[in-house]
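What follows is one structure encoded as structure tokens, with my remarks underneath.
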Amino acid sequence: MPTIQGMSEQDKLSDIEILNRALFFENRGVWAYRFAADKLSASEVGRAVLALAAQN
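Numbering of the sequence shown is given in my numbering, commencing with residue 4 and proceeding in unit increments.
Right under this line is the structure:
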């Protein structure tokens, strides 16, 4: 497993900021899937979206 030894403090902070932003948008996506769940049709696409939401 990679470690953060040898990284500058600025690089560590930059990585943390990027990961926090990614997590923020992932959480927003999960919220949107859950909000829309009862509005999706029973079509193949609707079921695929629900399956993705269930994985998160």
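Where a beta carbon is used, it is the ideal one built from N, C-alpha and C, also for glycine.
Treat the numbers as computed from the prediction; the structure is a model and nothing was measured.
Can you tell me which of the three DSSP states residue i falls into?
i	result
A57	helix
S17	helix
L43	coil
G9	coil
Residues in the same chain with beta-carbon distance under 8 Å from residue i, minus the five sequence neighbours each way, listed in chain order, please.
i	result
A40	L53, A56
Spatial neighbours of residue i within its chain, please: CB distance less than 7 Å, with the 5 preceding and 5 following residues excluded, ordered by chain position.
i	result
R37	A56
G49	L43
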